[in-house]
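Residue numbers (this note's numbering), protein chains in the order written: chain A, 259 to 395; chain B, 5 to 190.
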Amino acid sequence: MSETRIEKGSYGRSAVIRLRPNEDLVEGVEQACFENGIRAAVVRSAVGSLVDAVLQNGAGEDAPTFVEQGPGVEILTLSGEVMPGEGGRPKADLRGTISTPDARVLGGRFLPGRNSICITLELVLQEWLPETDAMQP
Amino acid sequence: MTIPQQSDTWKGRRLIEQPGTPLLPRRMCEWAEAGTELRLSLGEGVDLLPELAKVLSGQDIKSAALQIISGLFDKVSYFTGMIDKSGARVATYGAPRVLEGPVLLLGANAIFGLGEVGVPLVHCHAVMVDAKGRVHGGHLPLEGCILGSGGAVVIVAPLRNAGFEVAYDSETNYSLFHPVSAVPMS
Chain A
259 MSETRIEKGS YGRSAVIRLR PNEDLVEGVE QACFENGIRA AVVRSAVGSL VDAVLQNGAG
319 EDAPTFVEQG PGVEILTLSG EVMPGEGGRP KADLRGTIST PDARVLGGRF LPGRNSICIT
379 LELVLQEWLP ETDAMQP
Chain B
5 MTIPQQSDTW KGRRLIEQPG TPLLPRRMCE WAEAGTELRL SLGEGVDLLP ELAKVLSGQD
65 IKSAALQIIS GLFDKVSYFT GMIDKSGARV ATYGAPRVLE GPVLLLGANA IFGLGEVGVP
125 LVHCHAVMVD AKGRVHGGHL PLEGCILGSG GAVVIVAPLR NAGFEVAYDS ETNYSLFHPV
185 SAVPMS
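Written as structure tokens, this is what we have:
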């Protein structure tokens, strides 16, 4: 069992973002953060659509993955965060729900590099400004 | 930088060709200052999205990130996306799917900003469950989502000095929210 980490901090400015078609949802958010100097942030709200949705339930290569074909897969809700990854580069972990063209609703973690934006992604991220290094209770 | 525009795959994911020429930048970003957040409790009988637009405008908020964290509808409809066979756009909405209440809202994300000709606009996607426990979700129409008993609770994160404003997007042939700086605030 791994230990709980505590990071104290506060919220900062909000980034008002649009991703255009064919940007990848996860990598596009990471790149937008990199370009704008955002090290850490949380999703405050997002509305958009995907060409196809590729979602994963769980973590790791063996986690169940499923594909829903569009175009016009709607992103219904999005939650998650951006945190510093390898080399300090922003790394996004995004989860949410989608609706398919035949009106089914599904959810999961959006697989990086597999979710092309269809029409748009309207997104508000809010900076997370840590005051201290993460610590243990 | 190359701009992908083919109906093909790139790094394992499908890309789709839009009706218009790809525009730059591919990732738009403006910085906004966060204002004091609001928790709204909307009452029974209210039309959700027009009421949100009215209340936020009345608070001199021009743009905001919204999370609807609870709600119950007496009547609601929604749209899901599909391929646009006319070719005018790559995707469009189908016919509205109408649900009679009680319909429980499980969660919704929304963006509030300025629509065309400066009219306040809420773009909202929601997940809901009907009286038989079936889950539904999609784009909510601008009018006609009527709240039932218990209303709805909305968390509002106002955006100051930047926000979303609708502009025509020639690439997709849709009028869409775009980030803009210096949204005038009172």
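Yeah, the Cβ is synthetic: ideal placement off N, Cα and C, and Gly gets one too.
Computed from a predicted structure; not experimentally measured.
No residue range can be given for residue 67 of chain B, since it is assigned to no alpha helix (DSSP H) and is classified by DSSP as neither H nor E.
By a beta-carbon distance limit of 8 Å, residue 133 of chain B contacts residue 110 of chain B. Their separation comes to about 6 Å. The beta carbon of residue 147 of chain B does not come within 8 Å of any beta carbon belonging to chain A, so the residue lies off that interface.
The alpha carbon of residue 179 of chain B has as its nearest neighbour, out of B/185, B/186, B/153 and B/127, the alpha carbon of B/127. Excluding its 5 nearest sequence neighbours in each direction, residue 39 of chain B has C-beta neighbours in its own chain below 7 Å: 162 and 164, listed in chain order. With a 10 Å radius around the Cβ and a threshold of 16 neighbouring Cβ atoms, residue 305 of chain A comes out buried. With respect to the 8 Å criterion, residue 85 of chain B and residue 330 of chain A are classified as neighbours on the basis of their beta carbons.
With respect to chain A, the C-beta atom of residue 37 of chain B has a partner C-beta closer than 8 Å.
Secondary structure note for residue 366 of chain A: its beta strand (DSSP E) is the uninterrupted segment 363-368.
Neighbourhood of residue 305 of chain A in chain B, by CB distance below 9 Å: 113, 114, 115, 127, 128, 129, 143 and 181, in chain order. For the C-beta of residue 34 of chain B, the chain A residues within less than 7 Å are, from N- to C-terminus, 274.
Annotation for residue 301 of chain A: 336, 337, 338, 339, 352, 381, 382 and 383 place their beta carbon closer than 8 Å to its own, counting only its chain and skipping 5 residues before and after. Here residue 82 of chain B really is in contact with residue 100 of chain B; their C-beta atoms are around 7 Å apart, less than 8 Å. Contacts between residue 168 of chain B and chain A, judged by CB atoms closer than 9 Å, involve 274, 276, 380 and 382 in chain order.
Of all residues in the segment 261-295 of chain A, only 269, 271, 272, 273, 274, 275, 276, 277, 278, 279, 280, 281, 282, 286, 289, 290, 293 and 294 come within less than 7 Å of chain B when Cβ atoms are compared, listed by chain position. Look at residue 66 of chain B: its C-beta is not under 8 Å from any C-beta on chain A. As for any alpha helix (DSSP H) of minimum length 4 sitting wholly inside the segment 282-357 of chain A, the runs are 283-293, ordered along the chain.
In the displayed model, residue 385 of chain A falls within a strand according to three-state DSSP.
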